[in-house]
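Numbering (my numbering), first residue to last: 1061 to 1261.
Cβ coordinates follow ideal geometry from the N, Cα and C atoms, glycine included.
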Amino acid sequence: MRRFDWPDTVPTPQPGQIVRAAEIADLCSVSRLKNRLEARLSDRKRLLRRGYFRAMAKGFRIGQCLGMEMAFHQALKEMRTWRQARTLEDEALITLALKIARQLIGEMPEADRLGRIVKVALAEHRQADEMRLCIPAAMPEDIRQAIHAEIMASGMQITLEVDPGDPKNAITLQVGPDRIAIDPDRQLRAIQTALTTRASR
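In C-alpha cells form, the structure reads like this:
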C-alpha cells in the first residue's frame, strides 16, 4: 500500500473512514506530521536556493545582449517570479497541513499547534536564506546605482556589496551558504558568438 508523503493529498478513504486503517498509525501523531513537514521544508529550502541561481542565470542570458542594466533587470524579474511561485506553494503547504491535522484529530488544540509549527518553520527557513549580491569594484558607478535601483524596485531582500579585492569582473550571488558567480563579459561573448553563428547559417 502506498505510504502517505507530503504534499500528496490524504489517501481516499472508504465510506465513513477518514483514512485507511493501515495508515492511521503513521498519520495520527502530530509529532510525526511535524517531522514529515520539517523534512519537506528542508527539501524546499535546497530547491529554493537552486531556483534563485537558475533564475538569475536565465535573466542574464535574456538581458545581457541589451546591456548590463537590462541584464540585472531580467535577472531580478526571473528571481521575483520564482519567489512568488514558491510563496504560493508555501501557503498551499500550510493549508494542506491544517486540513490533514483537523481531519485526523478534529478541532483539538493540536491542530492549531501544528499550524503554528508550520508557520514558524516557514518563517525560519526564509530568514535563513539571506541573499547577497557582490559586484566588483571596477563596475562603473552609474551601473552600480542602476543595479541598486533595480533591487529596490524588485522588492527582493538582497544586500548589495562591493568586493574591492575581486580581480575578476564576476558578479556573485549568495543565498544562505550557497554561492554562484556569473562573469558578464564571458556570457556576453558567448551570446554574441551564438548570434553570429546563427546568422551565418
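C-beta atoms of residue i and residue j nearer than 8 Å
i, j, result
"L1233", "M1130", "no"
"R1204", "I1195", "yes"
"E1221", "R1192", "yes"
"L1108", "R1146", "yes"
"F1264", "I1207", "For residue 1264 there is no data in the structure shown, the boundaries of the chain being 1061 and 1261."
"A1241", "D1223", "no"
Beta-bridge partners of residue i, as assigned by DSSP
i, result
"T1219", "R1192"
Assigned exposure category for residue i - 16 Cβ within 10 Å defines buried
i, result
"L1136", "buried"
"G1215", "exposed"
"A1254", "Only weak support exists for where A1254 lies, its pLDDT of 46 falling under 50; the coordinates are left without a value."
"P1190", "The amino acid at residue 1190 is misidentified as Pro; the sequence shows Glu. The residue in question, E1190, is exposed, as its Cβ has fewer than 16 Cβ neighbours within 10 Å."
"R1104", "buried"
"A1082", "Per-residue confidence for A1082 stands at a pLDDT of 49, beneath the threshold of 50, marking its modelled position as unreliable; no derived number is given."
"R1106", "exposed"
"I1231", "buried"
"Q1134", "buried"
"E1138", "buried"
"A1099", "exposed"
"R1143", "buried"
Length at least 3, wholly inside the region 1103-1141: the beta strand (DSSP E) runs in chain order: Look at the region 1103-1141 and you find no whole run of beta strand (DSSP E) that is 3 residues long or longer.
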